[in-house]
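**Q**
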Amino acid sequence: MFIDEIIRKGLEEDIGSGDITTRYLDLEPQNNIAYIIPKEEGVLAGVDVARLVFRMVDPELKIVLYNKDGDKIMPNEEIMRLEGRPSSILQGERTALNFLQRLSGIATKTAKFVSLLEGTNVKLLDTRKTTPLLRSLEKYAVRVGGGYNHRFGLFDMVLIKENHIRACGSITEAVNRIRKHNTSYKIEVEVTNLKEVDEAAKAKVDRVMLDNMTPTQIRKAVKKYKDILEFEVSGGITEENIRSFAETGVQFISSGALTHSYKSLDISLLFKE
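Numbering of the sequence shown is given in the numbering used here, commencing with residue -8 and proceeding in unit increments.
1) Rounded to a whole number of angstroms, what is the C-alpha to C-alpha distance between residue 18 and residue 246?
2) Using a Cβ distance threshold of 8 Å, determine whether the segment 4 to 17 contacts the segment 30 to 39, with at least three qualifying pairs required.
3) By DSSP, does residue -3 sit in helix, in strand, or in coil?
4) Can you tell me the Cα-Cα spacing of residue 262 and residue 23, whole angstroms?
5) Is residue 157 near residue 148, with beta carbons less than 8 Å apart?
6) Indicate the three-state DSSP secondary structure (helix, strand or coil) for residue 171 in the structure shown.
7) Identify whether residue 8 lies in helix, strand or coil by the three-state DSSP scheme.
8) So does the segment 72 to 88 actually touch the segment 101 to 121, counting three or more Cβ pairs closer than 8 Å?
9) Tell me the DSSP bridge mates of residue 126?
10) Is it right to say residue 176 is buried, meaning 16 or more other beta carbons lie within 10 angstroms of its own, or is it exposed?
11) If you follow the beta strand (DSSP E) that residue 225 is in, where does it begin and where does it stop?
12) Where does the unbroken beta strand (DSSP E) through residue 262 begin, and where does it stop?
13) In this structure, does DSSP put residue 206 in helix, strand or coil?
14) What residue ranges within the segment 128 to 191 form continuous beta strand (DSSP E) runs of no fewer than 3 residues, ordered along the chain?
15) Would you mind reading off the limits of the beta strand (DSSP E) that contains residue 25?
16) Kindly indicate which three-state DSSP category residue 51 falls into: helix, strand or coil?
17) When DSSP labels each residue in this structure, what does residue 114 get in the three-state scheme?
18) Are there 16 or more other CB atoms within 10 angstroms of the CB of residue 82, so buried, or fewer, so exposed?
19) In whole angstroms, give me the CA-to-CA distance for residue 73 and residue 52.
20) Give the straight-line distance between the Cα atoms of residue 153 and residue 182, rounded to the nearest whole angstrom.
The following block contains the structure:
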């Protein structure tokens, strides 16, 4: 879905048949000035989306950006200046902040995880655990925070997971069925123990996703198959344990928490007094 369409639907959801509070206040048409200001430290993401929200509400609004996506922002620092009809600013306020707060929250959480990987060669990946219809924006925020995107959807990577394996009967059978189609895609398989790692290696897959395995188990797998397999760790990744997983020798760590368990950054819009 294009960003313009997402924004349009977001505004339609919020404004509906009209902003009755603003309408009944009979505000004067003269221009007002407002600022968007964070109340806490974080990594900014979505500032251009927020600007597009206000542009869609009123193309005549004058908008100045003081920061760009990826910037570290501090409390009470002005991110954006808006000048124009107060009714227009008020109608775009919540939708713009909803995007800005959530995307900045994702970027901030991602940046924190990435900082904990400093000094390793591990890439931090996101997952498909995203808000329906907002995946492109949320995965963008992960990139802003210094992470990398795993597959975007079911269409761009072969990833054989637990239920695929159960449906086929085994890892070997699932891989063989994929290979019958002579696909050029790399094949990744989710595994949960060392026996399954052995089976995946014998099936000559490209990457194994080590799901909820301990660092000790992971080290054993990496030591045995580091020359023929790529390794991705997934499941239960936290700030407290991510470093211990990174030091096992894997190439990737994926975390759904980046896009489903983040805290929105506290950001406000205030009119100039």
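Every residue, glycine too, gets a C-beta built ideally from N, C-alpha and C. In this text the structure is predicted, and so the values were computed from the model without any measurement.
**A** The answer reads as follows:
1) Here the question's residue 18 lines up with position 27 in the sequence shown. Here the question's residue 246 lines up with position 255 in the sequence shown. If you take the alpha carbons of residue 18 and residue 246, they lie about 47 Å apart.
2) no
3) Here residue -3 is taken as the residue at index 6 of the sequence shown, counted from 1. Helix, per DSSP.
4) Walking along the sequence shown from the start, residue 262 turns up at place 271. Walking along the sequence shown from the start, residue 23 turns up at place 32. Whole-angstrom Cα-Cα distance: 7 Å.
5) Against the sequence shown, residue 157 aligns to sequence position 166. Against the sequence shown, residue 148 aligns to sequence position 157. Taking 8 Å as the Cβ cut-off, residue 157 and residue 148 do not qualify as a contacting pair.
6) Numbered from its first residue, the sequence shown carries residue 171 at position 180. Looking at residue 171 - three-state DSSP - the assignment turns out to be coil, as it is neither helix nor strand.
7) Numbered from 1 along the sequence shown, position 17 holds the residue referred to as residue 8. Residue state, collapsed to three classes: coil.
8) no
9) Walking along the sequence shown from the start, residue 126 turns up at place 135. Beta-bridge pairing links residue 126 to no other residue.
10) Position 185 of the sequence shown holds residue 176. Result: exposed.
11) Within the sequence shown, numbered from 1, the residue matching residue 225 stands at position 234. Residues 221 to 225.
12) In the sequence shown, the residue the question calls residue 262 occupies position 271. Per DSSP, residue 262 belongs to the beta strand (DSSP E) from 258 to 262.
13) As a position in the sequence shown, residue 206 is number 215, starting the count at 1. Looking at residue 206 - three-state DSSP - the assignment turns out to be helix.
14) 149 to 151, 178 to 182
15) Position 34 of the sequence shown, counting from 1, holds the residue named residue 25. Element bounds for residue 25: 23 to 29.
16) For the purposes of this step, residue 51 is taken as the residue at position 60 of the sequence shown. Residue state, collapsed to three classes: coil.
17) Along the sequence shown, read from residue 1 onward, the residue named residue 114 stands at position 123. Three-state result, residue 114: strand.
18) Counting from 1 along the sequence shown, the entry for residue 82 is found at position 91. Classification for residue 82: buried.
19) The residue labelled residue 73 in the question sits at position 82 within the sequence shown. The residue labelled residue 52 in the question sits at position 61 within the sequence shown. Roughly 7 Å between the two C-alpha positions.
20) Reading the sequence shown from its first residue, position 162 is the one you call residue 153. Reading the sequence shown from its first residue, position 191 is the one you call residue 182. Each residue's alpha carbon lies about 8 Å from the other.
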